[in-house]
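Enquirer: The following block contains the structure, expressed as structure tokens.
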Amino acid sequence: MVGDEKPVDAAEAEIRASHEEAAPLALIEASGDLRDPVIAGWSEGAAHLFGYTAEEVLGRSLLGTLSGRGGQEAFRRLAEDGSGAPHRCESARKDGSEIVVAWAQHPLRDGSGRPARAVYVGRYVGRCAGHHVEQDTSTRAPAGAEPGVAQQLLRAILDHLPIVVCKYDREGVITFQDGKGTEAIGVKPGQLLGANILELYSSDMEASWGMRRALAGEAARDVTDVQGASWETWYLPVRDARGEPDGAISITLNASEARQKEIELRAKLQLIEKQQKVIRDLSAPIIEVWDKVLTLPLVGVVDSLRLSEMMDNLLSAIVSKDARYAILDLTGVDAVDTETARHLLEMVAAIRLLGAEGIITGIRSNVAQTMIALGVDLSGVTTVGNLRAGLRLCMRRMAAAGEAGGAPVK
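Listed below in structure tokens is the structure:
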């Protein structure tokens with residue numbers, strides 16, 4: 001039997017879970033009535049978190065697309081609150097599952113000061129546990145809270161999370177630069193104020209492509225390695241009251257820990273796959289039982305994947321050893337189906353194309369009955385009762401042909 005495939009599935013699930021834990025912020029721009037807004041912008045982080053591409057959601061109702069149980073009420077409270085404080089609710093994904101997301105709303109006002117659009121920032125909190133998740137009142141500002149609450153929240157994020165947040169004018173000049181993540185690259189908050197990001201990377205167009213896209217009005221995402229750390233950056237366009245590009249914002253996250261965890265998990269997955277291949281190879285060894293005679297003993301349940309690998313290995317061995325005969329011994333095979341029988345016949349045909357002869361031995365009575373019931377035609381294939389008889393047949397034929405290795409066998 002092939003080794004259990006569950007370790008591979010478990011490792012893949014662990015990789016998916018690590019991606020969710022390190023999920024980027026979902027940034028969504030919405031327009032229209034903010035009590036039931038329409039999606040006008042959709043970041044890569046939103047696509048990663050909810051499974052929708054931008055083309056699938058632009059122009060759709062934000063509430064109708066993402067709100068899970070209690071979600072519509074939470075989004076409406078966001079619009080009415082106006083403090084910028086986050087609200088937790090269950091949000092729907094494209095595959096129908098629901099996750100807990102902490103949402104914050106930041107209104108964009110027109111020339112008269114009225115909210116015309118809004119940016120929604122969603123942070124992945126966790127998976128739903130099958131029950132309604134109440135709004136986190138510990139982080140929600142009470143009614144009538146002072147306007148500085150949003151500023152306090154931003155300050156706390158910049159001071160304690162490994163991120164760097166920058167604001168740029170329409171020419172690419174840095175007008176805001178802060179965040180705890182600057183420590184890792186040896187830059188102090190505000191040190192780069194007044195510098196032009198495009199000029200800093202004038203000799204490296206690839207490094208500045210995300211910013212160029214954001215300044216042109218398109219969101220972008222990039223991953224770079226700087227000074228031994230992995231940085232993931234989201235570039236977001238800023239628009240004026242007329243909706244024209246008016247600068248950009250970049251949010252850079254030190255993703256080194258998540259990246260290292262992913263590398264380690266993928267290494268484990270590769271190791272498991274190699275171990276399973278070794279198990280498959282050991283369960284079907286190719287043995288040179290006599291000069292120019294190879295045998296392939298098959299054991300347990302033989303599926304299409306195993307037979308395909310066995311065929312490749314056997315044909316390579318026939319060529320490298322200049323074999324005249326290849327014995328497929330089915331003594332250890334418990335059962336066959338139509339697909340398995342077809343692969344066996346294809347294997348025998350491939351052996352003939354290499355100038356050798358394929359012989360099947362050890363067919364059990366129940367396997368023989370199954371083959372007959374399936375209508376498998378073995379009339380063109382040499383079959384004998386067991387491996388010993390198959391080897392004797394090969395030796396007799398080589399002796400009759402006067403080939404080296406052939407000898408009279410009683």
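With the UniProt record's numbering applied, the sequence shown covers 1 to 410. By construction, the Cβ of each residue, glycine as well, lies at the ideal position given by its N, Cα and C atoms.
1. Less than 7 Å between the beta carbons of V125 and H106, yes or no?
2. Assess contact between the stretch 290-300 and the stretch 308-319, defined as three or more Cβ pairs (one per stretch) separated by less than 8 Å. Is contact present?
3. Which residues in the same chain have their Cβ closer than 8 Å to the Cβ of S61, if we skip the five residues on either side of it in sequence?
4. Going by the CB atoms, is the gap between L27 and G45 shorter than 7 Å?
5. Does the beta-carbon of A349 have 16 or more other beta-carbons within 10 angstroms, so that it is buried, or is it exposed?
6. Under DSSP, the alpha helix (DSSP H) around G122 begins and ends at which residues?
7. Using a Cβ-Cβ cutoff of less than 8 Å, which residues in the same chain neighbour P245 once the five nearest sequence positions on both sides are dropped?
8. I want to know whether the stretch 383-395 touches the stretch 337-353 - three or more CB-CB distances under 8 Å.
9. Under the rule that 16 or more other beta-carbon atoms within 10 Å means buried, what is I372, buried or exposed?
10. Rounded to a whole number of angstroms, what is the C-alpha to C-alpha distance between G300 and T331?
11. If we ignore side chains and look at the alpha-carbon of each, how far apart do E262 and A229 end up?
12. Should V57 go down as buried or exposed, given a rule of 16 or more other Cβ atoms within 10 Å for buried?
13. What separation, rounded to the nearest whole angstrom, lies between the Cα atoms of A116 and L78?
14. When burial is assigned at 16 or more other CB atoms within 10 Å of the CB, is T252 buried or exposed?
15. Under 6 Å Cβ to Cβ from R324, same chain only, skipping five residues before and after it: list those, please.
16. Between the Cα of G247 and the Cα atoms of R213, A255, A47, which residue gives the shortest distance?
17. How many Å lie between R364 and E257 at the Cα?
18. Do V302 and T338 have their CB atoms nearer than 7 Å?
19. Determine the DSSP secondary structure at I272, reduced to helix, strand or coil.
20. Just curious, the beta strand (DSSP E) that G286 is in, first and last residue?
21. Here's the rule: buried if 16 or more other CB atoms are within 10 angstroms of the residue's CB, otherwise exposed. What is E232?
22. Could you tell me the alpha carbon to alpha carbon distance between L192 and E183, rounded to whole angstroms?
Expert: In this structure, then:
1. No; because the gap between Cβ atoms is not below 7 Å, this pair is not in contact.
2. Note that the stretch 290-300 touches the stretch 308-319; at least 3 beta-carbon pairs, one per stretch, sit closer than 8 Å.
3. So the list reads D36, P37, V38, I39, once near-sequence residues are dropped.
4. At the C-beta level, G45 and L27 come within 7 Å of one another.
5. Exposed: under 16 other Cβ atoms inside 10 Å.
6. That residue, G122, is in no alpha helix (DSSP H); its beta strand (DSSP E) goes 115-127.
7. Cβ within range, chain order: R170, L215, A216, G217, P237, V238, R239.
8. Contact between the stretch 383-395 and the stretch 337-353 is absent, because fewer than three Cβ pairs lie under 8 Å.
9. So I372 ends up on the exposed side.
10. Taking the straight line joining both Cα atoms gives about 9 Å.
11. Straight-line Cα distance between these residues: approximately 14 Å.
12. A buried status is given to V57, since no fewer than 16 other beta-carbon atoms sit within 10 Å of its beta-carbon.
13. Here the C-alpha atom of A116 lies approximately 15 Å from the C-alpha atom of L78.
14. The residue is buried, with at least 16 neighbouring Cβ atoms inside 10 Å.
15. The answer, listed in chain order, is K292, A356.
16. G247 has its Cα closest to that of R213, out of R213, A255, A47.
17. Cα-Cα distance, rounded: 55 Å.
18. By the CB criterion at 7 Å, V302 and T338 fall outside the cutoff.
19. DSSP, reduced to helix, strand and coil, places I272 within a helical segment of the structure shown.
20. The sequence as given places Ile at residue 286; Gly does not occur at that position. It is not in any beta strand (DSSP E) - I286 carries neither H nor E in the DSSP assignment.
21. Residue burial is scored here from C-beta neighbours: E232 has at least 16 other C-beta atoms within 10 angstroms and is therefore classed as buried.
22. When only Cα atoms are considered, L192 and E183 end up about 13 Å apart.
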